[in-house]
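Quick note on numbering: the sequence shown equals residues 1 to 342 in the numbering used here.
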Amino acid sequence: MLKAPEHQVAGHQARDGQLGPLVDGSGLFYKPLQSDDRGATELAFYTSFSSDPQIPAQIRSFFPGFHGTQLLHASDGSGLHPHLVLDDLLAGFRLPSVIDVKIGSRTWLPSSSDDYFRKCVAKDIETTSALLGFRISGLQINDDRGFWRPGRDAVRRFNSNDVRRALRRFVSSDPVASDDCDPDCAFASAVYGGSTGVLSQLLELKAWFEGQTLFHFCSASVLVAYEKDGSKKSDGDGGSAGARVRLVDFAHVAEGDGVIDHNFLGGLCSLIKFISDILQGFCGESSDAKCYLNGDVILQLLGHSTTKRKASTFKRNPTTTSSPTRPTVQFAAVRPPAVLHS
Numbered sequence: 001m002l003k004a005p006e007h008q009v010a011g012h013q014a015r016d017g018q019l020g021p022l023v024d025g026s027g028l029f030y031k032p033l034q035s036d037d038r039g040a041t042e043l044a045f046y047t048s049f050s051s052d053p054q055i056p057a058q059i060r061s062f063f064p065g066f067h068g069t070q071l072l073h074a075s076d077g078s079g080l081h082p083h084l085v086l087d088d089l090l091a092g093f094r095l096p097s098v099i100d101v102k103i104g105s106r107t108w109l110p111s112s113s114d115d116y117f118r119k120c121v122a123k124d125i126e127t128t129s130a131l132l133g134f135r136i137s138g139l140q141i142n143d144d145r146g147f148w149r150p151g152r153d154a155v156r157r158f159n160s161n162d163v164r165r166a167l168r169r170f171v172s173s174d175p176v177a178s179d180d181c182d183p184d185c186a187f188a189s190a191v192y193g194g195s196t197g198v199l200s201q202l203l204e205l206k207a208w209f210e211g212q213t214l215f216h217f218c219s220a221s222v223l224v225a226y227e228k229d230g231s232k233k234s235d236g237d238g239g240s241a242g243a244r245v246r247l248v249d250f251a252h253v254a255e256g257d258g259v260i261d262h263n264f265l266g267g268l269c270s271l272i273k274f275i276s277d278i279l280q281g282f283c284g285e286s287s288d289a290k291c292y293l294n295g296d297v298i299l300q301l302l303g304h305s306t307t308k309r310k311a312s313t314f315k316r317n318p319t320t321t322s323s324p325t326r327p328t329v330q331f332a333a334v335r336p337p338a339v340l341h342s
């Protein structure tokens, strides 16, 4: 039986008569296709990415498995609606702690309408996207005693200190502790560190983004999930065998046209730096902590944020004050038919 995902922390939710994703309890996630260009773009991306021989198998594992499309009764009661059929990234977890981090200082495409462009720019400036190169879209921290899940408006108001605290609290032992308490980062080494931990996985993604020019991932997110019971079972290198890092949300992907995606890469490097700082602080407090840190890499991480961004810098037309001059970048997409089948 299909139902709304229990641990969804961001995006449209299939509750209260709204159109949102569904899960079947057996490992599949059904995401409704948006009726405008975003739906066509996301379907085209999954179709292209899943069959592209240029994508290394290890990198492919960071993306949801794609199983075609299927007509399902929409969660908002509007009747049959086409859905993407994807792997449920939280399948197998009982009480996962989950965080959704939108990557990039710019969340709009050059081909966006002026209205959408203004909306995105305002949100990028109001949140930490423009400042840090990423923003937290939502999070939930679970354990057997309870959970902590800040409201959407509260998350949107996060400043850089709030982001740092949230990333520390995400790996702390008491999610329901008062905001006045300093997060203890008890699970930092187990979740963020180690050869299979979050930092190691993010560095692997970073290495790919330093060379890949196939796609530009605008407004995509890094989803991180782990379970505290699972985090106690390390891989022998201090890292959690259960920490999952995945990329999600591809309704604004564009062709790379041979240019590195500096917007995503810069934001990813910034997130890596934040997590590295947490691990460094934890290691500084405990000489026995086994943290996966590469000092040379960490020192150079922010270099990408100052790299000349040919692909993501768009200058305003000096002859007008209404909208920027933005070169048209289109993803090679075939619009989905009115009726889609798996």
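Even glycine gets a Cβ: it sits at the ideal position worked out from N, Cα and C.
The distance from the Cβ of residue 279 to that of residue 188 is about 6 Å, consistent with a contact at the 8 Å cut-off. According to the DSSP assignment, residue 243 belongs to no alpha helix (DSSP H), since it is labelled neither H nor E. Closest in alpha carbon position to residue 258, among 196, 217, 265 and 211, is 211. According to the DSSP assignment, residue 30 belongs to the beta strand (DSSP E) that extends over 28-32. Look at the beta carbons and you see the stretch 252-267 not touching the stretch 66-80: under three pairs across the two are nearer than 8 Å. DSSP places residue 105 outside any alpha helix (DSSP H), giving it a letter other than H or E. Relative to residue 93, the option among 58, 27 and 82 whose CA is nearest is 27.
When beta bridges are read from the DSSP output, residue 3 appears opposite 23. Residues 168, 171, 172, 278 and 282 of the same chain have their beta carbon placed closer than 7 Å to that of residue 185, with the five preceding and five following residues left out of the count. Linking residue 50 to residue 225 through their CA atoms gives a straight-line distance of about 23 Å. Annotated three-state conformation of residue 163 is helix, per DSSP. Taken in chain order, the unbroken stretches of beta strand (DSSP E) that lie wholly in the stretch 137-211 and span 3 residues or more are 146-148.
In the DSSP assignment, residue 87 falls within the beta strand (DSSP E) that extends over 80-87. Secondary structure remark: continuous alpha helix (DSSP H) runs of at least 4 residues inside the stretch 48-82, in chain order: 57-60. Looking only at 217, 31, 165 and 146, the smallest Cα-Cα distance to residue 250 is reached by 217. Below 8 Å, enough C-beta pairs join the stretch 145-158 and the stretch 121-134 to call them touching: three or more.
Looking at the DSSP output, residue 225 shares a beta bridge with 98 and 244. The distance from the Cβ of residue 9 to that of residue 140 is about 5 Å, consistent with a contact at the 8 Å cut-off.
DSSP places residue 40 in the helix class (H, G or I) of the three-state scheme. DSSP places residue 262 within a helical segment (H, G or I) once states are collapsed to three. The alpha carbon of residue 70 has as its nearest neighbour, out of 55, 22 and 111, the alpha carbon of 22. The C-beta distance from residue 32 to residue 74 rounds to 6 Å, short enough to meet the 8 Å contact threshold. Bridge pairing for residue 118: absent [DSSP].
For the 8 Å CB-CB criterion, residue 223 and residue 100 form a contact. Rounded to whole angstroms, the Cβ separation of residue 147 and residue 175 is 6 Å, and the two are in contact under 8 Å. A straight line joining the alpha-carbon of residue 89 with that of residue 114 spans about 34 Å.
In the DSSP assignment, residue 217 forms a beta bridge with 253.
Burial is judged here by how many other beta carbons sit within 10 angstroms of a residue's own beta carbon; residue 53 has fewer than 16 and is exposed.
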